[in-house]
Amino acid sequence: MDNILLALAGTSFFKYAAYLYMSKRSYQCVGTVSELYLYPVKSCKGLKVNSLRCTRLGVEYDGMFDRHWVFATEDGQWITQRQEPRMALISISLHGDEIHFDAPGMSTLKLPKDPKKEQCKVKKVQVKMDIIDSLDCGSEAAAWISKYLGRKMCLHYSPSDMEKRDAVNAQKLWSHDAKPGDLFAFSDYCAYMMLSQSGLDELNNRLAEPVTCLNFRSNIIVKGCPPYDEDYWDVIKIRNAKFRNIDACTRCMLTTVDPFKGEMSKDEEPLKTLKTYRAFEPYPPSKPLFGIHLANDVEDVIHVGDPIYAIRK
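As numbered in full-length UniProt numbering, residues 1 to 313 make up the sequence shown, in order.
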């Protein structure tokens, strides 16, 4: 009799353990989309929108993909706010078939949204350790950015059908979960970034001068979850769009650029404060975590106000 009771107890334990595991591996509502951003040009101002089409190459809005344009030196080295913080003041707007660039003291630069290969030179551009083909957007764009920044520069564009970088090839000092085919153009690491509003609020409680989500340039802002809860999401679903959490988002000096002044913070905030409580192994102490990197597996259009579901790690 005792053996039977032990067997029944053991069976119940394993069933309960299995139930807990399956509960953990099922979708749970974790929050709501509060804000959506598209950054067409690397290190320039973004566009706050009400909906985005989520694709394998990143978010798309009105024919524009996220970070498929980049400014570079004449020899093809990409340039960001890390080197030129005034790039934060370059505004981007969409007008029919055109993309417009505006900056303080500059006339408007107007270019086609989708420059054609037959009208542009194909040139190499180096982004971190990757060198890929892109379209040189011509002398007018080069003269505009060169005048604004006071150095010889040019503008590159990556059409959706041109060579892309693959997140699986990222050279990091820690492991990450990108898979072959997680493609993107000129972002630092992958096609998507997500962060929680509560995490930003928690950070601002520690800062003398609060910052906004614009310092972190994420595409999807989440409300309704605990601070940094996104760290523990494995698979994420918004409508039918499905994403994988492929790595935490390590932060650098770019976060210290004031998006409204185009200047780096002299006290290195908010990065300095993030290092005091968001630095975790195996990541270097100089690279605190804030938000997550995503790769898209199923495409769909998402909207502000959509519920977000996640399977936890």
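C-beta: ideal position from N, C-alpha, C; glycine also.
Residue environment: I131 is assigned as exposed (fewer than 16 neighbouring CB atoms within 10 Å of its CB, all protein chains considered).
A residue is called buried when at least 16 other Cβ atoms come within 10 angstroms of its Cβ; T250 meets this threshold and is buried.
For S198, the enclosing alpha helix (DSSP H) covers residues Q197 to N204. In this structure, DSSP gives A310 an extended state, which the three-state scheme calls strand. If you draw a straight line from the Cα of Q119 to the Cα of Y309, it comes to about 44 Å. For S134, no alpha helix (DSSP H) segment is defined; the enclosing uninterrupted segment is the beta strand (DSSP E) at D130 to D136.
With a 10 Å radius around the Cβ and a threshold of 16 neighbouring Cβ atoms, S265 comes out buried. Selection D133, L149, M153 and N169 evaluated against A142 yields M153 as nearest (Cα-Cα). Below 8 Å, too few C-beta pairs join the region 240-258 and the region 59-75 to call them touching: fewer than three.
Proximity to D201 across M194, Y192 and T212 peaks at T212, based on C-alpha coordinates.
Straight-line measurement puts the Cα of K275 at about 24 Å from the Cα of K313. Taking S196 as reference, the option from E209, P227, Y232 and T55 with the minimal CA-CA separation is P227. Below 8 Å, too few C-beta pairs join the region 88-108 and the region 279-297 to call them touching: fewer than three. Scanning the UniProt domain "MOSC" (165-311) for uninterrupted alpha helix (DSSP H) segments of 4 residues or longer gives 197-204 and 271-277, listed from N- to C-terminal end. A contact is defined here as three or more CB-CB pairs under 8 Å, and the region 38-55 fails this definition with respect to the region 164-176. In the same chain as Y61, and ignoring 5 residues on each side of it, the C-beta atoms closer than 6 Å to its own belong to L38, V49 and L52, in chain order. Annotated as proximal: I311 and Q28, with beta-carbon spacing under 9 Å. Comparing alpha carbon positions, the residue from V41, D97, R278 and D297 closest to S91 is V41. Its Cα nearest to that of E163, the residue K124 stands out among R151, D188 and K124. Rounded to the nearest angstrom, the Cβ distance from L94 to A191 is 20 Å, too far for a contact under 8 Å. Per DSSP, reduced to three states, the secondary structure at E35 is strand. DSSP, read as helix, strand or coil, puts I92 in strand. Following the DSSP letters along the chain, one finds I99 inside the beta strand (DSSP E) bounded by residues E98 to D102.
Non-local C-beta neighbours of P307 in its own chain, meaning closer than 7 Å and more than five positions away in sequence, comprise C29 and T32, ordered along the chain. The alpha-carbon separation between M194 and I292 amounts to approximately 5 Å. W69: not part of any alpha helix (DSSP H); member of the beta strand (DSSP E) spanning W69 to T73, first to last residue.
Under the three-state reduction of DSSP, M64 is assigned to strand.
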